[in-house]
Amino acid sequence: MNNRAPANKRYQPTEYEHAANCATHALWIIPSIMGGVLLYFLSNDQWEETSAWLYGAGLSSLFTISTAFHIITWKKSHLRSVEHCFHMCDRIVIYFFIAASYTPWLTLRELGPWAAHMRWVVWVMASGGTTYVFFFHERYKVIELVCYTAMGVFPALVVLSMTDRAGLYELLVGGGCYVLGMVFFKSDGVVPFAHAIWHLFVAMGAGIHYYAIWKYLYTPVNQQTSTAR
Ligand SMILES: [Zn+2]
């Protein structure tokens, strides 16, 4: 483990940490693509297909872009701008990943009339996050964390209003993984392999959420109980 980075500088991982950062997300690229495809084939209507597409795309691009970014920083690209660009993409994809993770719940579950607007509001929030990254990337880390937390929590309040509450437990446990992981996300240079541990928490949270989506929104038993959209 190397020393903590000074404020507004990025932590420089050791060779082993670089390798762990790449491996802990690269491992999930293929399973996440397969997972998305599986949901697509389990779909019974156009809404389920669209949700499977958006969710599968968000899930697999999270792991793909994160892996690409970590490989590029490891191999010390000669072009600093390339590294910078990938770091921005790595941050942007998180916003879209959060929006994509909520999409199946917001689209396939029956929600109250005002809550249904959250379907598109999450994508507006993700676009807002993207704009923020474009202008203020890495400048105000606290605001960044507040943005991610807001994006993670607001749609959850809507999802909590679902009439059918099956899957809520898994959603909370998965969300808890992300929150716990954030402790490590902020612990570079304090805990060895902190960033790789953060990746593992993300993979665990995403895995639990995938399981819940597959089980409660895409398996036939539950589809019978879902009402007209
Ligand atoms: Zn990472």
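In full-length UniProt numbering, the protein residues as written are 1 to 229. Where is the CB? At the ideal position from N, CA and C, for every residue including glycine.
Burial state of residue 231, where buried means 16 or more other Cβ atoms lie within 10 Å: Here the chain covers residues 1 to 229 and nothing more, so residue 231 does not appear.
Limits of the unbroken alpha helix (DSSP H) element including residue 11: By one-based count along the sequence shown, residue 11 stands at place 11. Following the DSSP letters along the chain, one finds residue 11 in no alpha helix (DSSP H), marked with neither H nor E.
Member of 26, 210 and 212 whose CA lies at the smallest distance from the CA of residue 71: Within the sequence shown, numbered from 1, the residue matching residue 71 stands at position 71. For residue 71, the nearest C-alpha among the options comes from 26.
heavy atom of ligand 1 below 7 Å from residue 18 C-beta: For the purposes of this step, residue 18 is taken as the residue at position 18 of the sequence shown. No heavy atom of ligand 1 is found nearer than 7 Å to the CB of residue 18.
Check: residue 2 C-beta below 7 Å from any heavy atom of ligand 1: What you label residue 2 is simply residue 2 of the sequence shown in a count that begins at 1. Outside the cutoff, so no.
6 Å CB neighbourhood of residue 199 in its chain, flanking five on each side removed: Within the sequence shown, the letter at position 199 stands for residue 199. The answer, listed in chain order, is 24 and 25.
Residue 102 versus residue 20 - alpha carbon distance: Taking the sequence shown and counting its residues from 1, one reaches residue 102 at position 102. Taking the sequence shown and counting its residues from 1, one reaches residue 20 at position 20. Annotation: residue 102 to residue 20 spans about 28 Å, alpha carbon to alpha carbon.
Short Cβ contact (8 Å threshold) for residue 51 with residue 111: As a working mapping, residue 51 is identified with position 51 in the sequence shown. As a working mapping, residue 111 is identified with position 111 in the sequence shown. Their beta carbons are not under 8 Å apart, which means residue 51 does not touch residue 111 by this criterion.
Rounded C-alpha distance that separates residue 104 from residue 140: Reading the sequence shown from its first residue, position 104 is the one you call residue 104. Reading the sequence shown from its first residue, position 140 is the one you call residue 140. If you take the alpha carbons of residue 104 and residue 140, they lie about 32 Å apart.
Per-residue burial, residue 73 [other beta carbons within 10 Å of its own, 16 or more giving buried]: As a first step, residue 73 is located in the sequence shown; it is residue number 73 there, counting from the start. So residue 73 ends up on the buried side.
8 Å contact criterion, which residue 178 and residue 207 should meet: CB distance rounded: Translated into positions along the sequence shown, residue 178 becomes position 178. Translated into positions along the sequence shown, residue 207 becomes position 207. Going by Cβ atoms, the distance from residue 178 to residue 207 rounds to 12 Å, so no, they are not a contact pair.
Residue 199 Cβ short of 7 Å to ligand 1 heavy atom set: Position 199 of the sequence shown, counting from 1, holds the residue named residue 199. At least one heavy atom of ligand 1 is nearer than 7 Å to the Cβ of residue 199, so yes.
Whole-Å CB distance - residue 114 paired with residue 99, under 8 Å assumed: Here residue 114 refers to the residue found at position 114 when the sequence shown is read from its first residue. Here residue 99 refers to the residue found at position 99 when the sequence shown is read from its first residue. Contact annotation, residue 114 with residue 99: C-beta distance approximately 18 Å; criterion of less than 8 Å not satisfied.
Residues of its chain near residue 218, where Cβ-Cβ distance is below 6 Å and the 5 sequence neighbours each way are ignored: Here residue 218 is taken as the residue at index 218 of the sequence shown, counted from 1. Around residue 218: 39 and 42.
Cβ-heavy atom distance, residue 66 to ligand 1, below 7 Å: Residue mapping note: residue 66 aligns to position 66 of the sequence shown, counting from 1. Indeed, a heavy atom of ligand 1 lies less than 7 Å from the Cβ.
Option nearest residue 213 by Cα separation, candidates 106, 132, 14 and 192: Looking up residue 213 in the sequence shown gives position 213. The candidate whose alpha carbon is nearest that of residue 213 is 106.
Check: residue 21 C-beta below 7 Å from any heavy atom of ligand 1: Position 21 of the sequence shown, counting from 1, holds the residue named residue 21. Yes, the Cβ of residue 21 comes within 7 Å of a heavy atom of ligand 1.
CA nearest to the CA of residue 56, picked from 86, 68, 13 and 28: The residue given as residue 56 occupies position 56 in the sequence shown. Measuring C-alpha to C-alpha distances from residue 56 to each of 86, 68, 13 and 28 identifies 28 as the nearest.
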